[in-house]
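Below is one structure, written out as structure tokens; comments come after it.
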Amino acid sequence: MAISLTESIQIGFQDFWTRKLRSLVTIVGIVLGTMSIIVILSLVNGMNEETMKWMTERGGLAKITISNNWEAKNPLNLPNYFSYKEILLIKSLVPEAEVFNANIYLRSNFKYGENTTFSRTIGAFPDYELVEEWTADRGRFIKNFDITESSNVIVLGNTIKEELFGSKNPIGKTVTVRGQQLQVIGVMKYRFIGNSGSNLFSDNPFEYMNRTSIMPISTMINKFGQRDAIDEITIRAKSAEDAVALKNKLEDIVLNLRRGYGIFNVVSAQEEAEKMKQSSMMFKIIFFFISSISLIVGGIVIMNIMLASVQERTREIGIRLAVGARRFDIFLQFLIQSIMITFVGGIIGVLTGVSIVKHVGAFLNTNTVVDVTMIYIALIVSVGVGLIFGIFPSIKASNLDPVEALRYE
Amino acid sequence: MDYVIKTEEIKKVYNMGAVDVHALRSANVTIAPGEFVSIMGPSGSGKSTLMHILGCLDSPSDGKYFLDGEEVSSFSKNKLAWIRNIKIGFVFQTFNLLPHLNILKNVELPLMYAGKRASLRNEIATDLLTRLGLGDRLHHKPSELSGGQRQRVAIARAVVNNPAIILADEPTGNLDSQSGNDILSIFKELHQEKNTIIMVTHDKNIAKIADRIIMIKDGEVVDGDITN
Ligand SMILES: Nc1ncnc2c1ncn2[C@@H]1O[C@H](COP(=O)(O)OP(=O)(O)OP(=O)(O)O)[C@@H](O)[C@H]1O
Ligand SMILES: [Mg+2]
Numbered sequence: 015m016a017i018s019l020t021e022s023i024q025i026g027f028q029d030f031w032t033r034k035l036r037s038l039v040t041i042v043g044i045v046l047g048t049m050s051i052i053v054i055l056s057l058v059n060g061m062n063e064e065t066m067k068w069m070t071e072r073g074g075l076a077k078i079t080i081s082n083n084w085e086a087k088n089p090l091n092l093p094n095y096f097s098y099k100e101i102l103l104i105k106s107l108v109p110e111a112e113v114f115n116a117n118i119y120l121r122s123n124f125k126y127g128e129n130t131t132f133s134r135t136i137g138a139f140p141d142y143e144l145v146e147e148w149t150a151d152r153g154r155f156i157k158n159f160d161i162t163e164s165s166n167v168i169v170l171g172n173t174i175k176e177e178l179f180g181s182k183n184p185i186g187k188t189v190t191v192r193g194q195q196l197q198v199i200g201v202m203k204y205r206f207i208g209n210s211g212s213n214l215f216s217d218n219p220f221e222y223m224n225r226t227s228i229m230p231i232s233t234m235i236n237k238f239g240q241r242d243a244i245d246e247i248t249i250r251a252k253s254a255e256d257a258v259a260l261k262n263k264l265e266d267i268v269l270n271l272r273r274g275y276g277i278f279n280v281v282s283a284q285e286e287a288e289k290m291k292q293s294s295m296m297f298k299i300i301f302f303f304i305s306s307i308s309l310i311v312g313g314i315v316i317m318n319i320m321l322a323s324v325q326e327r328t329r330e331i332g333i334r335l336a337v338g339a340r341r342f343d344i345f346l347q348f349l350i351q352s353i354m355i356t357f358v359g360g361i362i363g364v365l366t367g368v369s370i371v372k373h374v375g376a377f378l379n380t381n382t383v384v385d386v387t388m389i390y391i392a393l394i395v396s397v398g399v400g401l402i403f404g405i406f407p408s409i410k411a412s413n414l415d416p417v418e419a420l421r422y423e
Numbered sequence: 016m017d018y019v020i021k022t023e024e025i026k027k028v029y030n031m032g033a034v035d036v037h038a039l040r041s042a043n044v045t046i047a048p049g050e051f052v053s054i055m056g057p058s059g060s061g062k063s064t065l066m067h068i069l070g071c072l073d074s075p076s077d078g079k080y081f082l083d084g085e086e087v088s089s090f091s092k093n094k095l096a097w098i099r100n101i102k103i104g105f106v107f108q109t110f111n112l113l114p115h116l117n118i119l120k121n122v123e124l125p126l127m128y129a130g131k132r133a134s135l136r137n138e139i140a141t142d143l144l145t146r147l148g149l150g151d152r153l154h155h156k157p158s159e160l161s162g163g164q165r166q167r168v169a170i171a172r173a174v175v176n177n178p179a180i181i182l183a184d185e186p187t188g189n190l191d192s193q194s195g196n197d198i199l200s201i202f203k204e205l206h207q208e209k210n211t212i213i214m215v216t217h218d219k220n221i222a223k224i225a226d227r228i229i230m231i232k233d234g235e236v237v238d239g240d241i242t243n
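In structure tokens form, the structure reads like this:
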């Protein structure tokens, strides 16, 4: 003969409605609490997404870089760069790497016929095009045999090609660099950013790349006598999952090459991303607790108002008990009312939170991500507050003595 | 003797700090099924206290109360709630209706706690209120009704689950004589329908309509068998 849950909800709704104004005032704390949960979580999510996008653009999560560790102890004064031989050794030790590249640089005049210009030349491996996601769109890029044969070949940046050849086809032609003849095998794709196009060179932040030419790293060392001091290697594993193992292996290799001194840093994007995820999780948890404070304050307000309501409605409780309500029915009636108040507060909080996120996000031009999980979290938390802070007043209501409650004025 | 209600030496003591108030010193009453009994006695003699105990709203400090042969003190709180819901209808001097519910909802209340479906509740309560002449007031709040009408609603609420026993504590105490008479005729009708009725009153003329009058004085039943 128990009163059903829907019945209790109905009573709760009636109560809520009879005391509209009070109910609304009561939920302010809950509204603010759930609202801040939504706003903060979506901001953090947005930041995460932004960073992940950025990382993916920078070669993805499978990327590993080896570079100088400037803070390393180096009492034996071991070289803090790699020789070309060492590079080749490392390359041969990690055949599982999908991409492997290291660069050295040369600055020099380029000459073709009467035309002269200045270019920064990169000595690179063929995988340069994969690392930079940039390649020749005319002719071809450097191949493995160019490396083994230290071929006298060069791939020109687009602007360099314009300045030396104008509209003529440069492929197969010979340019002179530091007195040596290099055959042009390709022209790099024109790089620019923005919608301005090729007529606004000075506004293109990638213009320096169009002034860059690329030759085999071996040619630069063997033919041009450029010093083989390489301080950065870029590697890509087959997948983000493989990256961690490969990173550990590379760490061992470079430690062995320098007698166990950590002169080089080996950094995996996957690990960085995980670290970042962890710190953003920490961030989320901290802010979650901050919003919890307003929820707890809201909960205490609700408890007080529910206690006042129990007192005010003592006679009603007495009447209900007199006509056959069980203690549990009374308990449920007040608990459900408390939960309904906080649930409505939660819904209002979520709605205002989402609209704040949408408007402020758009206004500040920050990326924000609202997902269903955090809406659930906010609603569950608000219901939880109603449940926890409603229990005590509800127990108090259900423990009233019928006669005493009826006598209450 | 066949009885529905039987109390043995019921006592009720209220501890008021230094002094004990003996609301009931020794109450022995026996009520037969279908009987209509009036309870009379001076103010403060313990009539309401006795009624509350009989109605399972309160428990005695000492003594035994048998309801249909079972001792009430052994009942769980849920069983007591069930008795208040199904077995005993209580009519108060001050009506005790819920002010924010309309009278239909007020009368539906015991049906709801009895677990009846909403449509059935509505049907039963509407029918009962209509029989009591309130069919055109169903959606009014108690505050929009006269005292007599309110007491009729309270009676409807008390009998809506067809309880075998109806307890009324000065049901006409707050009413003018015309409304009081209307209420009394309802009780007479309920009596004819074989309900057991116990009614507290101050008015000797009203008490006379009962089969029997029980007199209480200073918390003791002094004369329990004045038969009309
Ligand atoms: N909760 C209580 N606390 C203390 N004393 C009480 C309480 N309830 C009743 N009493 C006392 O018990 C005695 C009996 O009260 P009761 O209400 O039963 O009298 P009554 O016969 O119904 O009187 P009336 O005709 O005025 O309604 C009174 O002296 C009253 O003061
Ligand atoms: Mg009384």
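So the protein sequences, as listed, match chains W and C. The numbering used here applies: residue 15 is where the first sequence begins, and numbers increase by one. The numbering used here applies: residue 16 is where the second sequence begins, and numbers increase by one. Ideal placement from N, C-alpha and C gives every residue a C-beta, glycine not left out.
A straight-line Cα-Cα distance of about 8 Å links P186(C) and V215(C). For ligand 1, the residues with a Cβ under 5 Å from any of its heavy atoms are, in chain order, Y29(C), V36(C), A38(C), S58(C), G59(C), S60(C), G61(C), K62(C), S63(C), T64(C). Your pair A169(C) and V106(C) checks out as a contact, with CB atoms roughly 5 Å apart and the cut at 8 Å. DSSP places I247(W) inside the beta strand (DSSP E), whose first and last residues are 246-250. Taking 7 Å as the Cβ-Cβ cut-off, the region 62-93 of chain C approaches chain W at H67, L72, D73, K92, N93, given in chain order. Annotated as proximal: E177(W) and T131(W), with beta-carbon spacing under 7 Å.
Excluding sequence positions up to five before and after V122(C), its CB lies within less than 7 Å of the CB of A140, L143, L144, V168, A171, R172, V175, all in the same chain and listed in chain order. DSSP links L120(W) through a beta bridge to T135(W).
Across the set I54(C), A38(C), P125(C), L72(C), the C-alpha of I54(C) shows the shortest separation from the C-alpha of H217(C). Only those residues of the region 107-135 of chain C whose C-beta falls short of 7 Å from the nearest C-beta of chain W are listed: N111, L113, H115, L124, P125, M127, Y128, A129, G130. In its chain, beyond the 5 residues on either side, P114, H115, L116, N117, I118 have a beta carbon closer than 8 Å to the beta carbon of K156(C). Here I277(W) is buried, its C-beta having at least 16 other C-beta atoms within 10 Å. Judged by beta-carbon spacing, G338(W) lies within the 7 Å limit of A96(C), meaning their Cβ atoms are closer than that value.
L92(W) is classed as exposed because its beta carbon has fewer than 16 other beta carbons within 10 Å across all chains shown. When secondary structure is reduced to three states using DSSP, I355(W) falls in the helix class. Residue contact check for R99(C) against chain W: a CB pair falls below 7 Å. With a beta-carbon spacing of about 21 Å, F139(W) and R192(W) fall beyond the 8 Å limit used to define contacts. The CB of F105(C) comes closer than 7 Å to the CB of A336 in chain W, given here in chain order. The region 259-320 of chain W contains, as complete beta strand (DSSP E) runs of 3+ residues, the segments 278-282 (chain order).
The Cβ atoms of K79(C) and E86(C) sit closer than 7 Å to each other. Ranked by how close their Cα comes to the Cα of M229(W), the residues A259(W), N218(W), N166(W), L271(W) have N166(W) in first place.
Rounded to the nearest whole angstrom, the CA to CA distance from V113(W) to L309(W) is 51 Å. Rounded to whole angstroms, the separation of the alpha carbons of I224(C) and M31(C) is 38 Å. Residue environment analysis places Y119(W) among the exposed positions, since fewer than 16 neighbouring C-beta atoms fall within 10 angstroms of its C-beta. Annotation for V167(W): the continuous beta strand (DSSP E) segment containing it runs 167-170. Ranking I46(C), V52(C), P57(C), F51(C) by CA distance to the CA of A38(C) puts P57(C) first. If you ignore the 5 residues before and after T65(W), its C-beta comes within less than 7 Å of the C-beta of M290, all in its own chain and listed in chain order. In this structure, the alpha-carbon of L57(W) lies about 14 Å from that of I389(W). Leaving aside the five residues that flank T328(W) on each side, the residues in its chain whose CB is nearer than 6 Å to its CB run, in chain order, A419, Y422.
C-alpha of K125(W) to C-alpha of E146(W): approximately 26 Å in a straight line.
In the same chain as S37(W), and ignoring 5 residues on each side of it, the C-beta atoms closer than 7 Å to its own belong to F30, I355, in chain order. Of all residues in the region 169-201 of chain C, only R172 place a beta-carbon less than 7 Å from a beta-carbon of chain W. About 20 Å separates the Cβ atoms of Q292(W) and A76(W), ruling out a contact at the 8 Å cut-off. The Cβ of T20(W) sits no closer than 7 Å to any Cβ of chain C.
Listed along chain C, the residues sitting closer than 8 Å to L420(W) by beta-carbon distance are L72, F107, N111.
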